[in-house]
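Participant: At position 35 of the sequence shown the residue is numbered 42 (our numbering), and the sequence of numbers has no breaks.
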Amino acid sequence: MTQQQLITLAEWANFYSTVADYRNKVCITEELPSSWMEGQRQQEVLFE
Numbered sequence: 008m009t010q011q012q013l014i015t016l017a018e019w020a021n022f023y024s025t026v027a028d029y030r031n032k033v034c035i036t037e038e039l040p041s042s043w044m045e046g047q048r049q050q051e052v053l054f055e
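As structure tokens, then:
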């Protein structure tokens, strides 16, 4: 791997952890929109 690829991977990892942290805060502080919950249910059906 080149130096550039390693930097990109690190940036993506940081981005994903930030998004996960944000989602956790949202889940704790407020109810999820029903449309988002419906989307999650459809995904679960697809993966069964």
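Backbone N, C-alpha and C fix where the C-beta goes; we use that ideal spot for every residue, glycine too. Just so it is clear, the structure is predicted and the values come from calculations on it, not from any experiment.
In whole angstroms, give me the CA-to-CA distance for V52 and Q10.
Facilitator: Looking at the two C-alpha atoms, the distance is approximately 41 Å.
Participant: What would DSSP say about T15, mapped onto helix, strand or coil?
Facilitator: Of the three classes helix, strand and coil, the one that applies to T15 here is helix, per DSSP.
Participant: What separation, rounded to the nearest whole angstrom, lies between the Cα atoms of S24 and R30?
Facilitator: Their backbone Cα atoms lie some 10 Å apart in a straight line.
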